[in-house]
Amino acid sequence: MASRFAPGDRLFLIAENLAQDSSLFPEEERDLDPPLRGTLSDADVARRNDYLDNVDIDSYIEAVVSAAEDPKRTPAPRAIAELGEVVSETSEAAFYAAVVNMDFGDDVRPVGFIAQDRGVRSGEWMPEHHLMAARKIEEYSNRSIPIVSLMDTPGAAADADANRGNQAHSISLLIAEMSNTDVPNLGIVFGLGYSGGAIPLAASNMILSVRDGVFSTIQPRSLASIARRLNLSWQQCAKEVGLSPFELKRQGNIDAIIDYAPGEDVANLRHAIVSGIRHVEESTRRFVADNPYIIDHYARSLERYLNPSARLQATQASAALTLTRNPTEYVNVFGVAYRYLRYLRVRRRIRSTTVHAYGRLAEHELPAGELARRAARERRETFLSWLQDPDKVIYDDALAKPFRNYVEKKAAIHDERGRIRRLLLGEPRKNFQDARVSLIANTGMYLYNRWKVDSAGNFASLGGFIAGHEDAAHLFAADDIPTPRRLVAAIRADAALGPALHERFSHEAMQLVTGDLDGIPDAVLREQLSSALNLAMTEGPLTGFVDEAALPPHLARAANGGGSPVVINRLLLDNHFTGLVRPRDSARPPAIDTPDASVADVSVLDILLNEELRDDFARECENLLLFDRVYDAILANLDSIAREAGTTHSLSRESVQKLIDAALEVAVRDPVVAADGAGVDEMRQRLFDWYSRVSAQPRGGAFFRAVEEWKQTAFPHVSDALFVVVTFLFERLLGSYLRARLEGRRYEGRISPRSIGRRKDFWNRLSHAYRDLLIQNVLTTYKRRRDTGHERFAQEFFDDFRELNGDLLSSDPCEFPGFRSSIEGALNAGQPPCGVVTGIGTFKNGADGLPCGVVISNVGFQAGSFDMASAEKFCKLLVHCAEQQLPLICFISSGGMQTKEGAGALFSMAAINDRLTRFVRDFDLPAIVFGYGDCTGGAQASFVTHPLVQTYYLSGASMPFAGQIVVTSYLPAESHLANYLASEPGAMQGLVKHPFHTDLDDELRRIDPDIPVPEESVVDVVNRVMAGVLEQERPAAPPLRATVPERDLLRPVRRMLIHARGCTAVKLVRVAQRKGVGVVLVQSDPDMDSVPVDMLGENDAVVCIGGNTPDESYLNALSVIEVAEQQKVDSLHPGIGFLSESSQFAELVRSRAINFVGPPVTSMNTMGNKSNAIAAAMRLGVPVVPGSHGIVTDPD
573 MASRFAPGDR LFLIAENLAQ DSSLFPEEER DLDPPLRGTL SDADVARRND YLDNVDIDSY
633 IEAVVSAAED PKRTPAPRAI AELGEVVSET SEAAFYAAVV NMDFGDDVRP VGFIAQDRGV
693 RSGEWMPEHH LMAARKIEEY SNRSIPIVSL MDTPGAAADA DANRGNQAHS ISLLIAEMSN
753 TDVPNLGIVF GLGYSGGAIP LAASNMILSV RDGVFSTIQP RSLASIARRL NLSWQQCAKE
813 VGLSPFELKR QGNIDAIIDY APGEDVANLR HAIVSGIRHV EESTRRFVAD NPYIIDHYAR
873 SLERYLNPSA RLQATQASAA LTLTRNPTEY VNVFGVAYRY LRYLRVRRRI RSTTVHAYGR
933 LAEHELPAGE LARRAARERR ETFLSWLQDP DKVIYDDALA KPFRNYVEKK AAIHDERGRI
993 RRLLLGEPRK NFQDARVSLI ANTGMYLYNR WKVDSAGNFA SLGGFIAGHE DAAHLFAADD
1053 IPTPRRLVAA IRADAALGPA LHERFSHEAM QLVTGDLDGI PDAVLREQLS SALNLAMTEG
1113 PLTGFVDEAA LPPHLARAAN GGGSPVVINR LLLDNHFTGL VRPRDSARPP AIDTPDASVA
1173 DVSVLDILLN EELRDDFARE CENLLLFDRV YDAILANLDS IAREAGTTHS LSRESVQKLI
1233 DAALEVAVRD PVVAADGAGV DEMRQRLFDW YSRVSAQPRG GAFFRAVEEW KQTAFPHVSD
1293 ALFVVVTFLF ERLLGSYLRA RLEGRRYEGR ISPRSIGRRK DFWNRLSHAY RDLLIQNVLT
1353 TYKRRRDTGH ERFAQEFFDD FRELNGDLLS SDPCEFPGFR SSIEGALNAG QPPCGVVTGI
1413 GTFKNGADGL PCGVVISNVG FQAGSFDMAS AEKFCKLLVH CAEQQLPLIC FISSGGMQTK
1473 EGAGALFSMA AINDRLTRFV RDFDLPAIVF GYGDCTGGAQ ASFVTHPLVQ TYYLSGASMP
1533 FAGQIVVTSY LPAESHLANY LASEPGAMQG LVKHPFHTDL DDELRRIDPD IPVPEESVVD
1593 VVNRVMAGVL EQERPAAPPL RATVPERDLL RPVRRMLIHA RGCTAVKLVR VAQRKGVGVV
1653 LVQSDPDMDS VPVDMLGEND AVVCIGGNTP DESYLNALSV IEVAEQQKVD SLHPGIGFLS
1713 ESSQFAELVR SRAINFVGPP VTSMNTMGNK SNAIAAAMRL GVPVVPGSHG IVTDPD
């Protein structure tokens, strides 16, 4: 059939062949001519790799990661300033750019630098910084200045604000600009090079690294979160993928390593930059001379510039990608060659294999993960460090007061008291029991909030130590080691115990044995050695490492008698290192048997191990472990109460019971919490008994609020507004539930916290948090159907679909644990072991059909993560489509880049981004991408949001830059759900109906009537785009609220919300009560004990809106309106000040069918602005004070 598209040229097609040849034979490009200066030799790189291959994991982290993460590391701007004369510079938060005149030997040339400044937000860029970088690239290109980018960032910002600001789109644009620039560009890994901060750097003519830089697709800690089922620590993940420049050089992911580290003299850095630019320029000159087809491509490119098609003009006009504005700026042939060679270098780093070349394994055994063992050791080390230096009681009044009370009541237990004294002072034995309960409860509460995230592990360890209380007395203290250097020397020389101790020490302690002790004070050395020996003693018996026949009789008897391993180990070390450690008998005074010493001398550990108290403390440890597990389970199960709490702002007695029972069901399955085999009923009784004791304490409420504060850090993915609800559950609702259950009293389930804290817009955000939980439940239900596989899309939308390059799969370049097993599993199941399926077919457009290229995510394999095989498939398909003049249609749901492939996966994103630019511009072919499901990470930030792609999302799609699993902050639905982002400028071309989930939009509307839902289908969009119409004809929009005429709101007032404080609130409450009007008073945290609150009657209500300042409380308009709707008021009095003069607030109130007590909105708009008010008065003939009678624009 006749082509409807403009002809392209052969350069696009030749590129794939050349790139494939160079990726298959990378050694042909190993030598750089002209050579680079200031870089390490291949021999140096090989020696360092030999070292890194053979070190243990902790030594690897110290050698590779520690320097790059050092907060004192020299930032890039400081190094740039030393490279030459800074002609101009731009600094905005973490973004830095400068033009520097550098000495090239025979000339001084300007060089443009773009860098991340680690001194601000650790070098993390927001969307505006990526856009600034893109503008700087355009500026440098127009001035024909070479570009050097210095990367030093933990990744691009991925929080809610960044997502709402189109972070993925800004990164995609920057990649496109970096790929498309017509000047030579160098990328230098200057420090940390992770994730979104690293992808744009991949699009460079040459990539270099300083000696101690790190470079990968994702932070190792985030990779460990993704691979958590494999029991891999982040340290092990880092070593598996290889982060160091030496490993990256061996893998072919960077071109050279600069013999420089930040903080050193910059001579080698300067030499590397100058020689690198010269190498790129010289190799480009030779390429143009040797390959005449580049001239042919240039001629065709010029023709497209002079005579662009209408389709290309429309596409480029709607994109943010740089356009040549005039002939003077038009690229020359060398600029085209820079682009071309840049792509070839990026493309040759992409390596995959085929099913036929893949070596199948009978059974691939997973390497043992070390996460559980490492975590257990770290927990034990944390607990032992506390045991070694326990807190003194005197330093915290919450402990000192109940301890003194316990001592006093115990001393008076045998007092004889008459009836009157018993009436006044109480019965001595009961007083003693109450003091005992108080001491135990307050000590437990203190330790729980003292240990915070370590509390679960520490309480489990503490329970064991209380059971074997003699162990604590046998631990080393710092003063047990009088000559620490001699002890270190003895351990080094000991052929028996030395290696065993070394193996049990932490990495830091190992360095004491193997490293240089100069500069370490004896006091510090004692502390470190005692901690290391305690860690070794508590890991199991040491007697097996010595000759048992040589043991002294008392030690041999103890070892054979089945005593405590810790006690035996201490006796063994005392004997083995006689004279170097103080024997246990004389190490320090024994722990007090009764708490009768001065409070200044008593530690928390003394109380815990007291003979009369330790059994009760052991049970208290179990209770706190139970509470901790229940608390966490409630947080995880808040979705079960979201609908009821969101609509009624209360929880029924039945709901509280179900929530607690569900949490107990989780707790009873925890082997640590349910170590004694207790069932749910017994656990429930234990929890309620503990809760009753704690709640009765004067600091009981403060305890739960303190828990809330640090639990927010432990659960950053949960909205902080929901923590207030959980705290209120424990402070009030659970107590009311127990009183109703045990005493038959009335249950009060309304959620009305009196202390919210410094949370802005609390009630509005709480409403949104409930909504988000319900939406997530709906989306999770649809995901579990597993009906969005590649087969379903191919069957629904394409006739005669034929897969292309289906034999390509990941080569697993890093041999990451578990990845090969996933590949094997897919092959055994007959599924493609690759992130995408590509092919050609005829799109069912409702007419004759549309032949097209097709890319569909394979969500059944690694959540559709985009691996290097996916990139190769994509590039090959684009070549096929260009040859056949076929448009491209994609359905993408991706978990991001395939992080298990290491840094190599970064180049997949840059390669596809570049090829799409050339596909659309050089061949005038449309590329339409539909994102669905979870569309995140590198795929989202490279080609789904490419500026020249027609980007659409199916309803319900989650489209953040990074997924919640790797983002350490709460992402509300407005920041990632496509329906809410559809109205965000630049987020997408439009929202589309989900083809398989036809009821989804109705379910979303039932949760949020205002949520935007789509009007167009996939077929509608494709037909419209192919007809050349790029603007959505039926954009998604929220339903308009039914407008209520202001006159209709003038009705009798029965219940009014008063938005005021102080004397204004007093007057308004008094008048309202006099008129028989019910009052709902909103007050900030400090005002909850004010006079207006005390004035309220039985039919009135007060609602805390949190905050300490007006900005945190009274000025939060949306929360005020949320409270008004919750309380079903018919009118709202704005008081004076605050929001009372805001016409927008008045309009918003009246749009909710609530009367705003004040003038009409039109009057507020007219008279609220001084200039408008004067004009209105003059128009009506009202005299005004002589003056300018308008806005002054001229000072004269």
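Under our numbering, the first residue of the sequence shown carries the number 573, and numbering increases by one thereafter.
For every residue, glycine included, the Cβ atom is placed at its ideal position computed from N, Cα and C.
Note that the coordinates shown come from a computational prediction; the quantities given were computed from them, not determined experimentally.
Below-8 Å beta-carbon distance, residue i vs any chain B residue
i	result
L971	Of the chains in the structure shown, none is chain B; there is only one protein chain.
Inter-residue Cα distance where the pair is residue i and residue j
i	j	result
L1776	G1135	The structure shown does not extend to residue 1776, since the chain is modelled only from 573 to 1768, so the question has no answer here.
H1046	V1139	6 Å
E1192	T1115	34 Å
W1335	Y1309	24 Å
G759	D831	16 Å
N1141	K964	28 Å
S1703	T1636	17 Å
Y1504	S1530	7 Å
E1280	N1680	18 Å
Q1100	P1093	11 Å
G1091	G785	28 Å
E654	P1532	38 Å
F1479	A1511	12 Å
N1430	T1570	22 Å
I1328	Q1655	11 Å
R951	V1025	10 Å
Cut-off 8 Å between Cβ atoms - residues of its own chain near residue i, not counting five sequence neighbours on either side
i	result
L874	Y902
A651	L722, F762, P834, V838 and L841
L1576	I1347, V1350, S1527, G1528, N1551, I1583 and V1585
Nearest neighbour of residue i, chosen from the options [CA to CA]
i	options	result
E1684	R1337, L1351, I1537 and N714	R1337
Y1686	T1352, V1701, R681 and F1717	F1717
R690	V1654, G727 and F1295	G727
K1700	T1219, D675, R1154 and S781	T1219
L745	R1578, C1507 and I1484	I1484
A591	Y915, C1676, V1009 and L820	Y915
P772	W697, K821, L583 and G1730	W697
S1514	S1547, T1352, P1125 and A1443	A1443
Paired residues, beta bridge with residue i - DSSP
i	result
T1360	Paired residue(s): none; T1360 is not in a bridge.
R1322	S1222
P1423	T1414
I719	G684 and N757
N1182	In the DSSP output, where bridge partners are listed per residue, N1182 has none listed.
I964	Sequence check: residue 964 is Lys here, not Ile. Answer by DSSP bridge pairing, in chain order: S1175.
S1589	Partner(s): none; S1589 has no beta bridge.
R1374	I1412
Cβ separation of residue i and residue j, assumed to be a contact under 8 Å, to the nearest whole Å
i	j	result
I719	V755	6 Å
I1118	H1148	For the sequence presented, residue 1118 should be read as Val rather than Ile. Going by Cβ atoms, the distance from V1118 to H1148 rounds to 7 Å, so yes, they are a contact pair.
D1486	S751	4 Å
Beta-carbon proximity list for residue i, same chain, < 6 Å, skipping 5 on both sides
i	result
R1322	S1222
V1616	A1725
F1424	Reading the sequence as shown, one finds Cys at residue 1424 and not Phe. For C1424, where only same-chain residues beyond five positions count, the Cβ hits under 6 Å are F1415, L1458, P1459 and I1461.
F1048	S1102, L1105 and N1106
V1539	A730
A1366	F1373
Other residues of its chain near residue i: CB distance less than 7 Å, five sequence neighbours each side excluded
i	result
L608	A828, A844, S847, G848 and H851
Y910	D754, V755, P756, N777 and T856
P1137	G1112 and P1113
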